[in-house]
């Protein structure tokens, strides 16, 4: 079969771009998922080890779990260097790398929630769900999960057990409890299951049961809120997340200030960012830690502040950018010159201002061995270079080639702003003359149909690589080679598997 | 007959840009005129079918580019019959036209904004049509314009069918990435396959920055994509970039390319001199700004705006 795929299969986020409606994009990505799965199931599963969006990985795991491995051929098909359970291990590994809300959403796909995916329930899905929720979880972790994600966990447990067996578990049927929870710390975790289904946890006498502090506080706060006992409520919410406490306050209409809830209950770093504005309205100031933000978000904040004339924390953001860049996992393409298009169109859309240009800055930071970065175009009149006007991209290519690097990385939307074709002419001229360099054209303006030609080529025989997020550069480079050299790519991915998860 | 650009003082031409069959030669110069900042002038609403209301937050009168078109969901899309002068505060234009034949509802603010496709604009050189207060006056021409475009429903005069179709939307949007403004750009000379199609001159570089996408995408880009889709023009690049000699150095390549760019410019710019005005009618005179409707010997035409007899705006399709 002729396989047409690009790294978009790992970069999909379900939202429409300016050019392509949501459904149109999803259909294209779905076709690519199905095609790669049919082409080589193991290549498909191994590719999910590369950087990608949680949504894509969730949908790809769904595809794997909905299709049983063919019996009889199993031994023959499993590639060298991985064990029989590698698919499940990859799925579990990917779940463990996601933040918990995303991981739970991906599991909810199996229950037919949060996506176009249909319900799937088999022994493998049951194991994946229950392992993720209960295997090797410390009581403190389980305690937090049961408070923060009570509803989601309940849906997943109900889906994995089925209504009938769940009923038996909640009524203390030992055989059924052992069937589903025997492999976990059953006696420890069972109170959590009760809590998920709105039953106050009961601890058996004589058992050594870890004390689920938050779950206990939850029930205390709920009882206090229900009976209107404010003092008891104040005391109970100390261990609870602000959302839960606020939820009780609002549901039971308690006469207690929002400010007090913000102050008394607990908040994580991400929650602080999310709640910053709401909390400020209530008179509470939340301090944002720039060192904990993503590189792209830091560049975005820096540009936003400089362009809006707000000088607050510029130094801190600059320092955080430098620190982040030093810690990035580098991709080495050999001696490299980077050519960045800073023309007006790299400003991006109104919905995502500056996105292509900021992505370009982040991509250049992930590359190692850079001799020089050449910007063509742009407005230098501010503290930062702002995409502006038109640009002679071919002139930048000339400069780059004259530096004689091994690799030239061009980051551009592919529009030349001069006579169309001049860039290609320069490239062809030097290649014909025998100049030995590789040219990679990265297009930071993502479109699902990039492989079908909507992503403009600068050079006739070089397919532009759509990279919407700098974290996916390695993914893109591997996908670029996937069709022309499947064996090599599979080998690279198996090496990655062994490094990340461990092989046979 | 009058040469079209002679009245405009101190204009220069920038380096030509080409993409597919479209060539855009930037027209450069110093800002001129004393008019409202373009960002202060905005479409506000439709107050009836065929009536467009603009808001001008400036203290000076502002210019609304010729055949400004606005589209919004669940409302009747509209376009101006020509250029407009927006006085400070609110200005109502009641000779505008509806561009959807079976959609009701009033627009509130602009969602999607463009300039009408180039060939449709020619209709408004007819003074009677331009002044006619009839909301459906453009429908027959819109229906004809949409005819034979693959994948577009026929029978209704809905320009939106074309602009909203993902395939065509993508194609016209790409021109915005190919023809980006250069410093001091006031306008552009637009050609398809080397044939003049339009001339646009704005009072200031800020005006060009504000409106160039509407023209390059919605007016000329849409016209070219339509011509490609109907097979009236073949989808291939028209300009052949010169061959670079094998032993050429980087400096020589720079020189070959800039020489070629200059030769393209010098072969195309004289085409402007050949365009002659054959008819000129006064349209609107307001707040020191005077709109006249021009007709050219090529059967095209459009609007010229003068301020104290000095021309500051030109928008003609050829």
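Protein chains in written order, with this note's numbering: chain A, 210 to 713; chain B, 306 to 623. Glycine is no exception: its CB is placed at the ideal position from the N, C-alpha and C atoms. Source: prediction; values computed, not measured.
For residue i, which residues of its own chain have a beta-carbon under 6 angstroms away from its beta-carbon, when the five flanking residues on both sides are left out?
i: residue 495 of chain B; result: 329, 502, 503, 525
i: residue 401 of chain A; result: 351, 355
i: residue 304 of chain A; result: 312, 341
i: residue 660 of chain A; result: Confidence in residue 660 of chain A is poor, its pLDDT being 38 and thus under 50, which makes the residue's placement unreliable; the coordinate value appears in the next sentence. Taken in chain order, the residues that qualify are 213, 215.
i: residue 322 of chain B; result: 329, 484
i: residue 526 of chain A; result: 499, 507, 510, 511
i: residue 352 of chain B; result: 358
Would residue i and residue j qualify as a contact pair, given that the criterion is a beta-carbon distance under 8 angstroms?
i: residue 369 of chain A; j: residue 339 of chain A; result: yes
i: residue 470 of chain A; j: residue 454 of chain A; result: yes
i: residue 386 of chain B; j: residue 444 of chain B; result: no
i: residue 457 of chain A; j: residue 431 of chain A; result: yes
i: residue 630 of chain A; j: residue 652 of chain A; result: no
i: residue 333 of chain B; j: residue 491 of chain B; result: yes
i: residue 253 of chain A; j: residue 245 of chain A; result: yes
i: residue 563 of chain A; j: residue 509 of chain A; result: yes
i: residue 628 of chain A; j: residue 430 of chain B; result: no
i: residue 368 of chain B; j: residue 621 of chain B; result: no
i: residue 391 of chain B; j: residue 346 of chain B; result: yes
On the CB-based measure, 16 or more other CB atoms within 10 Å of its CB, does residue i come out buried or exposed?
i: residue 538 of chain B; result: buried
i: residue 220 of chain A; result: buried
i: residue 344 of chain B; result: exposed
i: residue 585 of chain B; result: exposed
i: residue 358 of chain B; result: buried
i: residue 612 of chain A; result: exposed
i: residue 649 of chain A; result: buried
i: residue 456 of chain B; result: exposed
i: residue 482 of chain B; result: buried
i: residue 335 of chain B; result: exposed
i: residue 266 of chain A; result: buried
i: residue 583 of chain B; result: exposed
i: residue 332 of chain A; result: exposed
i: residue 270 of chain A; result: buried
i: residue 605 of chain B; result: buried
i: residue 440 of chain B; result: buried
i: residue 255 of chain A; result: buried
i: residue 508 of chain B; result: buried
i: residue 588 of chain B; result: buried
i: residue 505 of chain B; result: buried
Hey, is residue i's beta-carbon within less than 8 angstroms of any beta-carbon in chain C?
i: residue 330 of chain B; result: In summary, chain C is missing from the structure at hand, where the protein chains are A and B.
Out of the options, which one is the CA nearest neighbour of residue i?
i: residue 544 of chain A; options: A:311, A:468, A:646; result: A:646
i: residue 464 of chain B; options: B:323, B:310, B:486, B:421; result: B:421
i: residue 403 of chain B; options: B:493, B:380, B:497, B:509; result: B:380
i: residue 603 of chain A; options: A:636, A:613, A:215, A:651; result: A:636
i: residue 251 of chain A; options: A:536, A:239, A:274; result: A:274
i: residue 586 of chain A; options: A:579, A:575, A:599, A:577; result: A:599
i: residue 591 of chain B; options: B:365, B:491, B:315, B:314; result: B:365
i: residue 311 of chain B; options: B:617, B:622, B:623; result: B:617
i: residue 358 of chain A; options: A:317, A:289, A:462; result: A:317
i: residue 589 of chain A; options: A:241, A:515, A:638; result: A:515
i: residue 371 of chain B; options: B:600, B:511, B:596, B:602; result: B:596
i: residue 715 of chain A; options: A:547, A:644, A:683, A:638; result: Outside the shown range of chain A (210 to 713) lies residue 715 of chain A, about which nothing can therefore be said.
i: residue 533 of chain B; options: B:600, B:620, B:472; result: B:472
i: residue 264 of chain A; options: A:249, A:326, A:255, A:240; result: A:326
i: residue 486 of chain B; options: B:500, B:470, B:510, B:578; result: B:510
Can you round the beta-carbon distance between residue i and residue j to whole angstroms, since I take them to be within the 8 angstroms contact cut?
i: residue 388 of chain B; j: residue 608 of chain B; result: 4 angstroms
i: residue 480 of chain B; j: residue 521 of chain B; result: 5 angstroms
i: residue 320 of chain A; j: residue 308 of chain A; result: Incorrect: roughly 19 angstroms between the Cβ atoms, too far for contact.
i: residue 302 of chain A; j: residue 702 of chain A; result: Wrong, their Cβ atoms sit about 13 angstroms apart, outside the cutoff.
i: residue 218 of chain A; j: residue 258 of chain A; result: Their Cβ separation, rounded to whole angstroms, is 13 angstroms, which puts residue 218 of chain A and residue 258 of chain A out of contact at 8 angstroms.
i: residue 423 of chain A; j: residue 353 of chain A; result: 6 angstroms
Got a sec? Which residues, its chain only, sit under 8 angstroms from residue i by beta carbon, not counting five neighbours each side?
i: residue 403 of chain A; result: 379, 409, 410, 411
i: residue 463 of chain A; result: 434, 437, 439, 442, 457
i: residue 417 of chain B; result: 375, 376, 377, 468
i: residue 428 of chain B; result: 434, 443, 446
Between residue i and the rest of its own chain, which residues show a CB-CB distance below 7 angstroms, the 5 nearest in sequence each way excluded?
i: residue 326 of chain B; result: 497, 498, 529, 538, 543
i: residue 552 of chain A; result: 586, 596, 598, 599, 600, 626
i: residue 410 of chain B; result: 379, 380, 381
i: residue 451 of chain B; result: 457, 459, 466, 467
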